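In the numbering used here, the protein residues as written are 760 to 987.
Reviewing the structure listed below.
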Amino acid sequence: MPPRKPVLQLSGVERHYGQGETTLSILKGADFEMRSGEIIALVAPSGTGKSTLLHLAGLLEHPDGGEVMIGGHACNGLLDSERTAIRRSEIGFVYQFHHLLPEFSAIENIMMPQLIAGLTKADARERAAQLLDYMRIGHRGEHRPAELSGGEQQRVAIARAVANAPRLLLADEPTGNLDPKTASYVFDALEALVRQSGLAALIATHNHELAGRMDRRVTIEGGKVVEL
760 MPPRKPVLQL SGVERHYGQG ETTLSILKGA DFEMRSGEII ALVAPSGTGK STLLHLAGLL
820 EHPDGGEVMI GGHACNGLLD SERTAIRRSE IGFVYQFHHL LPEFSAIENI MMPQLIAGLT
880 KADARERAAQ LLDYMRIGHR GEHRPAELSG GEQQRVAIAR AVANAPRLLL ADEPTGNLDP
940 KTASYVFDAL EALVRQSGLA ALIATHNHEL AGRMDRRVTI EGGKVVEL
């Protein structure tokens with residue numbers, strides 16, 4: 760079997776923020792790489808740069824130095840429109856709060872990014888239904904978010920994040936609002952989806968039990984990404 764190609768690479772990445780007359784250095788020459796099919800836990804205390812790392816990986820922020828590469832392609836010199844196009848097609852995001860559109864059903868929420876990407880309504884609905892089935896909530900497709908449990912809402916959010924078949928999934932505390940049993944159930948569904956699709960998933964979490972079930976665990980120390 761040929762080696763899996765890197766999906767995300769950070770090379771010598773720097774990120775600094777001005778605070779009054781001082782400069783706060785969050786990332787200082789950080790290197791990181793992940794490959795297709797990997798699930799990696801990002802375990803770091805608040806304030807160490809966890810969200811910054813996810814924002815840089817998701818092309819939501821520009822690094823002050825170094826390079827961010829998605830699928831082997833350097834992204835720093837791209838126009839904002841080109842970065843947006845990569846986010847839409849290559850990257851899926853899941854947050855602690857599901858951010859579903861309340862006026863639309865579960866299946867319509869999953870269809871939305873596909874319609875924006877240019878799929879027909881029929882094709883988008885078919886794929887959304889398949890994803891709901893895969894997340895074991897196919898029977899809840901016509902329900903609006905307010906009619907779903909917290910675990911169901913987050914599984915819809917995960918399905919929406921992968922609707923356009925991205926290479927990379929970035930999740931920021933995706934089970935943070937869920938009780939331990941529901942969190943485990945949601946992670947099971949997420950893991951199955953990653954294994955089946957071959958995407959790479961970087962998951963920030965404070966849940967050490969879930970982190971221990973992932974392929975690797977990393978943290979941020981002294982502005983560097985280090986293995987645990």
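Glycine included, every Cβ here is placed at the ideal spot set by N, Cα and C.
Being a predicted model, the structure only gives us computed values, none of them experimental.
Beta-carbon spacing of residue i, residue j below 8 Å
i       : j       : result
Asn-966 : Phe-856 : no
Leu-929 : Ala-800 : no
Ile-798 : Asp-931 : no
Glu-911 : Arg-926 : no
Ile-896 : Arg-884 : no
Val-772 : Leu-987 : no
Val-766 : Met-793 : yes
Leu-859 : Asn-868 : yes
Arg-903 : Ser-840 : no
Assigned exposure category for residue i - 16 Cβ within 10 Å defines buried
i       : result
Lys-764 : exposed
Glu-780 : exposed
Thr-879 : exposed
Glu-849 : buried
Leu-969 : buried
Nearest to residue i (by Cα), restricted to the options the options
i       : options                            : result
Glu-862 : Ala-876, Glu-906, Leu-949          : Glu-906
Val-953 : Leu-890, Thr-941, Leu-987, Arg-903 : Leu-890
Asp-823 : Thr-782, Arg-847, Gly-830          : Thr-782
Ala-963 : Tyr-854, Pro-872, Ala-865, Gly-897 : Tyr-854
Ala-789 : Ser-795, Ile-917, Leu-769, His-814 : Leu-769
Met-871 : Ile-829, Ala-918, Tyr-893          : Ala-918
Ala-924 : Asn-835, Ala-916, Ser-956          : Ser-956
Ala-960 : Ala-833, Ala-844, Ile-829, Ala-876 : Ile-829
Integer-rounded CB distance, given that residue j should sit under 8 Å from residue i
i       : j       : result
Thr-941 : Gly-971 : Contact doesn't hold; Cβ gap of about 18 Å is too wide.
Arg-921 : Thr-934 : Reading off the sequence shown, one finds Val at residue 921, where the question assumed Arg. No, Val-921 and Thr-934 are not in contact; Cβ-Cβ is about 16 Å, not under 8 Å.
Ile-785 : Gly-982 : 7 Å
Ala-818 : Arg-842 : The sequence given here has Leu at residue 818, not Ala. Confirmed, Cβ separation roughly 5 Å.
Ala-888 : Ile-866 : 6 Å
Ala-852 : Val-984 : Residue 852 is actually Phe in this sequence, not Ala. Going by Cβ atoms, the distance from Phe-852 to Val-984 rounds to 19 Å, so no, they are not a contact pair.
- Go through the stretch 765 to 849 residue by residue and report every complete run of the beta strand (DSSP E) that reaches 3 residues or more, in order. Runs found: 765 to 778, 781 to 794, 798 to 801, 824 to 829.
**Prompt:** Taking only runs of the alpha helix (DSSP H) that begin and end inside the stretch 901 to 948, which ones reach a length of at least 4 residues, in chain order?
**Reply:** Fully enclosed alpha helix (DSSP H) runs of 4 or longer: 909 to 920.
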